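Below: the structure, in structure tokens.
Protein chains: 6
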Amino acid sequence: MATLLGARENGLLAVWGVPMDFTASWRPGSRFAFDAIRLVSTSLELYSPYFDRSLEDVSYEDAGDAELLWGDVQGSLDLIKEQAEKIMEKEKKLISVGGDHLVTYPLVQATKKFYPDLAVIHFDAHTDLRQSFLGSKFSHATVLRMVADEIGSKSVAQIGIRSGVLEEFKWGTENTHFFPDHKWDLVPATAEVIKIFKSRPVYITLDIDVLDPAYAPGTGTPEPGGCTSKELFQALHLILENLNVIGTDIVEIAPDYDPSERTAFMGAKIIREMLLGMSK
Amino acid sequence: MATLLGARENGLLAVWGVPMDFTASWRPGSRFAFDAIRLVSTSLELYSPYFDRSLEDVSYEDAGDAELLWGDVQGSLDLIKEQAEKIMEKEKKLISVGGDHLVTYPLVQATKKFYPDLAVIHFDAHTDLRQSFLGSKFSHATVLRMVADEIGSKSVAQIGIRSGVLEEFKWGTENTHFFPDHKWDLVPATAEVIKIFKSRPVYITLDIDVLDPAYAPGTGTPEPGGCTSKELFQALHLILENLNVIGTDIVEIAPDYDPSERTAFMGAKIIREMLLGMSK
Amino acid sequence: MATLLGARENGLLAVWGVPMDFTASWRPGSRFAFDAIRLVSTSLELYSPYFDRSLEDVSYEDAGDAELLWGDVQGSLDLIKEQAEKIMEKEKKLISVGGDHLVTYPLVQATKKFYPDLAVIHFDAHTDLRQSFLGSKFSHATVLRMVADEIGSKSVAQIGIRSGVLEEFKWGTENTHFFPDHKWDLVPATAEVIKIFKSRPVYITLDIDVLDPAYAPGTGTPEPGGCTSKELFQALHLILENLNVIGTDIVEIAPDYDPSERTAFMGAKIIREMLLGMSK
Amino acid sequence: MATLLGARENGLLAVWGVPMDFTASWRPGSRFAFDAIRLVSTSLELYSPYFDRSLEDVSYEDAGDAELLWGDVQGSLDLIKEQAEKIMEKEKKLISVGGDHLVTYPLVQATKKFYPDLAVIHFDAHTDLRQSFLGSKFSHATVLRMVADEIGSKSVAQIGIRSGVLEEFKWGTENTHFFPDHKWDLVPATAEVIKIFKSRPVYITLDIDVLDPAYAPGTGTPEPGGCTSKELFQALHLILENLNVIGTDIVEIAPDYDPSERTAFMGAKIIREMLLGMSK
Amino acid sequence: MATLLGARENGLLAVWGVPMDFTASWRPGSRFAFDAIRLVSTSLELYSPYFDRSLEDVSYEDAGDAELLWGDVQGSLDLIKEQAEKIMEKEKKLISVGGDHLVTYPLVQATKKFYPDLAVIHFDAHTDLRQSFLGSKFSHATVLRMVADEIGSKSVAQIGIRSGVLEEFKWGTENTHFFPDHKWDLVPATAEVIKIFKSRPVYITLDIDVLDPAYAPGTGTPEPGGCTSKELFQALHLILENLNVIGTDIVEIAPDYDPSERTAFMGAKIIREMLLGMSK
Amino acid sequence: MATLLGARENGLLAVWGVPMDFTASWRPGSRFAFDAIRLVSTSLELYSPYFDRSLEDVSYEDAGDAELLWGDVQGSLDLIKEQAEKIMEKEKKLISVGGDHLVTYPLVQATKKFYPDLAVIHFDAHTDLRQSFLGSKFSHATVLRMVADEIGSKSVAQIGIRSGVLEEFKWGTENTHFFPDHKWDLVPATAEVIKIFKSRPVYITLDIDVLDPAYAPGTGTPEPGGCTSKELFQALHLILENLNVIGTDIVEIAPDYDPSERTAFMGAKIIREMLLGMSK
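Protein chains in written order, with my numbering: chain A, 1 to 280; chain B, 281 to 560; chain C, 561 to 840; chain D, 841 to 1120; chain E, 1121 to 1400; chain F, 1401 to 1680.
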């Protein structure tokens, strides 16, 4: 009966699970992410030395898991969007835990309904900018392209990207904020993003594989060459302290590939920081 | 560049992979089954002391893997059926390696085209007789019901079943050959099946979880209370020696949950026996 | 937010966790047993083909986990006893999930308060009959001796035992029901127990290592030479169908040593059968 | 500073490690067997309920590990033979822990020096009767053929064999005691062996993969279809109680493939029984 | 029969194990640390390129493992203190291998007897400054507070701390040397410590989780955001070269969570450097 | 039927496996490296953002695996040399995947035949400069000394070295390019190498353990204190962009010790960069 970080009911923030991973092209299993995070979160302190504040002072709830239509991609995306909107209608800010990266699409759609001026900051190893992948438009590999189509490519910033096809890199460089001068340096790229999205409502979508797999081995595609846990925390804190973050997701944690459970623990810690940063 | 058991090209038998596992409701990963089997098969002898014959005397090929439409269940099922038919048109008997159990449906459809009088012998821990599952008609939990609808429930025999909902057990008992007196004893149930399907073309669909998870830990749903490896070999040999087996599949091997690799090794060994038994 | 097998609140049966494993002398980690069981239980059918009944027709609750005084053995044992009594005072039958075997002692004490004529059936690889172990009276290795002292050694039957010191085997043979003629055959020993404890309220304490480690690798001391899953189910069903079982525990599942999760799955399945058998 | 089972120095029996695994053709790692066995043996009781005797009453030593010439097969075999002889010269019976199966060859050579009338009982999944393997005469796959050449094929009995090439099965059936009527039933084959080797000095060579990989997953080639732990113990006890066992080895435990450590535990338990049975 | 790094007897330095982990609140298993370190240490070179010296020139012994009263916290702490004193009475400097962090308390008590002016340098992810934890005063979470009470809080320096409750951070900042300006930068904080403890006898207590779990996944609570292996070596060498280190411990290595064994290997390497640095 | 990165036949570059690991002194298993790399490489993009080029524009083949004489070190080394020469005779540049480090010796010998002025850049945690190891001249621990003898020690540069015996460090410092001022900083040492080997044909031998085990846990000897994945990529790109690389190998990946598969993935990514950098 593990609940996340001692969550109370009826909070102003909600964390929920969106355990849909059926478009994962290599290693599935991110469906198990939030349950693993809930379990290990019993060992995480509620106090954050980064924010010098404790979750005890934050009101939030663990809103359970999204219902899905198993094996039905389009139907499940519609359901996720609908359920996310219902939670946000109660004036709650939402932290969503994937699932694979495709879940970001309905989540951004739902968020846009409440924040039409939405900007998205995308941390990832992969561009996710394909127009279709393995015969499908709806995929973890196309999701940021769909998001860009939804909110405008200049409302998207992409940080940490180190994998994709030529066309994606080209399209990203020309269309989104792509930071080719800070390819694999999260903090300077993040500093630029702060200036760009100042005063706008911001949604963070965080693919755990932006971290080097040394720091997050439990993921679908462990892409060497990524950032450290310290760099990621620094970048996230820069955003949470300087921008108006109104929604976040964290995706692609596949706990079964990590017997040390540190990827799930990292997920729990990131969520703690998000809860603190979004509750200012 | 592992190929299965030293397969040659242009054989009269073909083994191929059908790595579709997107409807797995608990642990996915059977998409990795055939690659794992190919790798470990380098350590399996070609000679079978059960049949006292060697694969060196059998002509078969490793036909690669089915193409799929990633995340598109219906489209993928159609593709599997189409590709299976193409292989069988060359007068080949087909051994298919899943993937989850849903792949059996298009495989039986394709086989039926060439053998309209087909009978199916189903080894499994689970009935797989639901009419729909988690909102979907097409599922690893409904597949035998779909097969029964396709070829007639009296052309289906189910062996080893020890899990399902009440309605499934009721429907199975009333409609398929279900052997309630030999619930968990494979060999006597198999002996009865031999009499029933004598003289008909037979398709074996083998869910690896018919074995107790002690013998096959690398699977989606490890259901305790199953049979031993010896019992399974005995039952399979009874069928392969006494019936006209014209097609088989082996599904639900999820190798990432088995660091000993013995589930994949078991898969390789079962395929060797199937190749020998189908090449008489 | 996994709950066991879709438990409802306010049932007549209660399942709770007693995650105390500080006296484990070799591999600890049974503290994680019930959380692992809760998680995997989402994949277990509520219907039992053994009983031909479904948990949907049984009223029971997941009563959470016992509070413990971390590192304080005696204090924790007192707390467990007290909390168990409180649950039983509401006229509930209790299924407890350890933790190591020592938790059985306060659980039997609490049960005895409500059923003074209590008999205990003990399934285990180990005698657990030492008088002290590694300098301590309170230990997973002494617990059955303490139970025997509490309720009388002739109210204790021990089945499956295959490890201990000479003195334990001697004491067991002379004092408890020890079945030296059916040393490692569960079913005939169980058949004898049925006759002995007929008409008495019965408590089952089940150490998962009574199973051969092939069937339950996730445990503190994997003792080869044990029974199969089928034998254990057969023995349990004999008791549940023929005796008045008013309390049970299942101990020593250490899930971190079993990447296949089948030991936890076995635990969930045993609890399902216990729930059904105790709710007649 | 783990020592095996609390061994004392200067015993009449010696257990030593022969961690040579460089001819392993698939998964190496049996070099780690004895260290793993030593470690887990701290959790094994010294008392055996099978023999109703305790190791406390047996005088034996842990003689450490053989020195090897790393990467030099012939040189290492010579060294093993020489060192084994030195131990046996002190009138000690030797239990050797591999390493891969090739180590049996120099061990049998050394034993023959002291017991010219030696008979060998071979438990294994594989015939190991090739004349050469992968270009080499000295291999874990040829070792029993070399042993047969050394002591005469009629002094060799092979039990549990279920894998090999046609020629090996043919040669075994015609030359050694091969028991084709009890192919995979250890106990009846063992009963026959007792009669054959009555009154001769007997050496047992036990490849752990005679067990089904359910019972011994930590091994080089996990060959499904083997015996259970109970059957193996029964067969070993038949021999140890009825024959004059003057030397034994246990080979092919590769502990890194078994996170449950039960294969090493099985090894420790077999060694305990061997020590007791050889010290009558 | 693995011994640490080829240790000789009767050295001036001693390394011993203190395998007490019964107050671990999340993942236990540090009891297995020293045995794992001993085993992997056979693969570590005795020569250190950091010190440009070899252990062959250092006289030290592997003093075995502390005796404990299993499950009895207070009794075990007393025993550890007593045994540590006995070793130090022979004018030996002691390196202790936990166990969980609580073992540091009796070790510091024993050391204080010989070095009343003792200062403690504490590397850790966690403050360990609670006054009680989960109902107990004696806990891995209170140990540094107890140490501070024992030797004076200004004799304690804490480096690398990134987790705790608000009160602990407050108390640490106000009482110990806490280095809030170098929160997660080990080397500058260590440089300050050198100045502070110059000329005093120094005891280092090193919780392996000061490292990011990328570098030490085998630990009880893998706390992301830590330092790298290079930073830790740099900090340790600064101290070992510039201060008078008269005692050390290394705690919280739980090897079973790290199939790569690199956490144990790191432990062995740290001990090698400690031996060299303490033997100047 | 996994092939590396979609390799075509008849390319100007060839990648092949040399799965010889019989001289591994601690953990063997690098024989499985290339098969693991082939499998995971299906998930690696062909496009490299580092080079801004795609493998689709490079012509190369997967040349399969070297034949070996199992257990025969000298015979296998001869065979490797012979086979490597045969591939290079077709005017192909060769990328070899070990296997343990010893395979570099015959590979350098073969390369020298075509490029007599060869220089070798050696990335490793270990010096590998012993004159003999565990009784053998041919060993993964002596291989660079043999290479130095073959091409002259001043044609060898060693980078990242952090383990060895005193004599090795002394000999390396005096004879090869050893960079004692940049002991553990890959990039500055690499920058110096560029100047030294400008205009010569260069062979890179890369032992994966030059990386810290955080980044490459799947290796024989996980030596803490190494570089990050970013540093390694930076160093490799410096060389590939500035020198004339005519041959490479990557050795000591032992995938079975890394359940996250990231070490194999790292191997695949390094090979992709090598293919791109060698095909200019």
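C-beta: ideal position from N, C-alpha, C; glycine also. Computed from a predicted structure; not experimentally measured.
For residue i, the three-state DSSP class (helix, strand or coil)
i          : result
Lys93(A)   : strand
Tyr1235(E) : coil
Ala63(A)   : strand
Gly1498(F) : strand
Ala814(C)  : coil
Arg425(B)  : helix
Ile1359(E) : helix
His122(A)  : strand
Residue j beta carbon less than 9 Å from that of residue i
i          : j          : result
Asp1332(E) : Leu1566(F) : no
Gly589(C)  : Pro777(C)  : no
Ile1487(F) : Ala1414(F) : yes
Arg552(B)  : Leu335(B)  : yes
Trp1146(E) : Lys230(A)  : no
Val383(B)  : Asp529(B)  : yes
Val948(D)  : Thr863(D)  : no
Val811(C)  : Val762(C)  : no
Residue i at chain C interface by Cβ criterion, 9 Å
i          : result
Val445(B)  : yes
Pro1148(E) : yes
Thr1247(E) : no
Buried/exposed call for residue i, threshold 16 Cβ in 10 Å
i          : result
Lys1233(E) : exposed
Asp1607(F) : buried
Ser76(A)   : buried
Ser715(C)  : buried
Lys478(B)  : exposed
Pro1659(F) : buried
Pro859(D)  : buried
Neighbour flag for residue i against chain F, beta carbons, 9 Å
i          : result
Arg985(D)  : no
Thr1341(E) : no
CB contact check: residue i to chain D, cutoff 9 Å
i         : result
Ala824(C) : no
Phe698(C) : no
Asp539(B) : A small correction: the amino acid at residue 539(B) is Pro; Asp does not occupy that position in the sequence shown. Yes, contact with chain D.
CB contact check: residue i to chain B, cutoff 9 Å
i         : result
Ala567(C) : no
Residue-chain proximity (residue i, chain E), Cβ-Cβ < 9 Å
i         : result
Ser214(A) : In the sequence as displayed, the identity of residue 214(A) is Ala instead of Ser. For Ala214(A), the answer is yes, since a Cβ of chain E falls inside 9 Å of its Cβ.
**Message:** Would the region 1215-1225 of chain E count as touching the region 587-597 of chain C if we require 3 or more Cβ pairs under 8 Å?
**Reply:** Output reads no: the region 587-597 of chain C does not touch the region 1215-1225 of chain E.
**Request:** Mind the definition here: the region 1509-1518 of chain F touches the region 1527-1545 of chain F only if three or more C-beta pairs lie below 8 Å; say whether that holds.
**Result:** In short, these stretches do not touch, since the Cβ pair count stays below three.
**Request:** Would you check if the region 124-131 of chain A and the region 155-174 of chain A touch, i.e. whether three or more CB-CB distances between them fall below 8 Å?
**Result:** Contact holds: three or more Cβ-Cβ distances are below 8 Å.
**Message:** Does the structure place the region 713-726 of chain C close enough to the region 888-905 of chain D that three or more beta carbon pairs sit under 8 Å?
**Reply:** Counting Cβ pairs under 8 Å, three or more are found: they touch.
**Asked** Of the residues that make up the region 1427-1457 of chain F, which ones have a beta carbon closer than 8 Å to any beta carbon in chain G?
**Response** The question asks about chain G, but that chain is absent: this structure's protein chains are A, B, C, D, E and F.
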